[in-house]
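Please read the structure below before turning to the comments.
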């Protein structure tokens with residue numbers, strides 16, 4: 001699942017489930033998923049209505065015209081791959097793809 005800005009399509013967070021996206025915050029502790037919620041003493045407090053400025057969808061990488069949005073997309077792709085594979089599995093896949101042999 002991916003949390004995106006509705007207007008720009010910029011990826012703001014990735015997770016296995018929508019519940020994981022509810023834990024996405026900016027550097028000031030403001031929730032990206034909820035409209036007017038924030039993190040205080042390890043708990044989400046405030047208005048817990050879903051923000052109208054975001055969309056939640058199945059993660060499929062996109063190409064963006066904006067360099068900043070494209071960099072964000074790349075970083076979230078990298079995180080998604082790390083969630084799926086251990087470092088050894090990633091290494092085996094990389095070598096299998098680049099050497100022409102199956103791992």
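Numbering (the numbering used here), first residue to last: 1 to 103. Glycine residues also receive a C-beta, built at the ideal position from the N, C-alpha and C atoms.
Do residue j and residue i count as a contact pair if the criterion is CB distance below 8 Å?
{"i": "residue 96", "j": "residue 11", "result": "no"}
{"i": "residue 57", "j": "residue 4", "result": "yes"}
{"i": "residue 69", "j": "residue 9", "result": "yes"}
{"i": "residue 42", "j": "residue 24", "result": "no"}
Spatial neighbours of residue i within its chain, please: CB distance less than 8 Å, with the 5 preceding and 5 following residues excluded, ordered by chain position.
{"i": "residue 34", "result": "22, 44, 46, 47, 48, 49, 50, 51"}
When the Cα atoms are used, what is the spatial distance from residue i to residue j?
{"i": "residue 36", "j": "residue 53", "result": "12 Å"}
{"i": "residue 27", "j": "residue 19", "result": "20 Å"}
{"i": "residue 82", "j": "residue 76", "result": "10 Å"}
{"i": "residue 6", "j": "residue 67", "result": "17 Å"}
{"i": "residue 79", "j": "residue 65", "result": "21 Å"}
{"i": "residue 74", "j": "residue 85", "result": "17 Å"}
{"i": "residue 40", "j": "residue 17", "result": "23 Å"}
{"i": "residue 32", "j": "residue 62", "result": "20 Å"}
Tell me which residues share the same chain as residue i and place their Cβ nearer than 7 Å to its Cβ, disregarding the 5 neighbours each side in the sequence.
{"i": "residue 15", "result": "1, 21"}
{"i": "residue 30", "result": "38"}
{"i": "residue 55", "result": "4, 6"}
Length-filtered (4 minimum) alpha helix (DSSP H) runs lying within the stretch 16-86:
Taken in chain order, the unbroken stretches of alpha helix (DSSP H) that lie wholly in the stretch 16-86 and span 4 residues or more are 18-21, 67-84.
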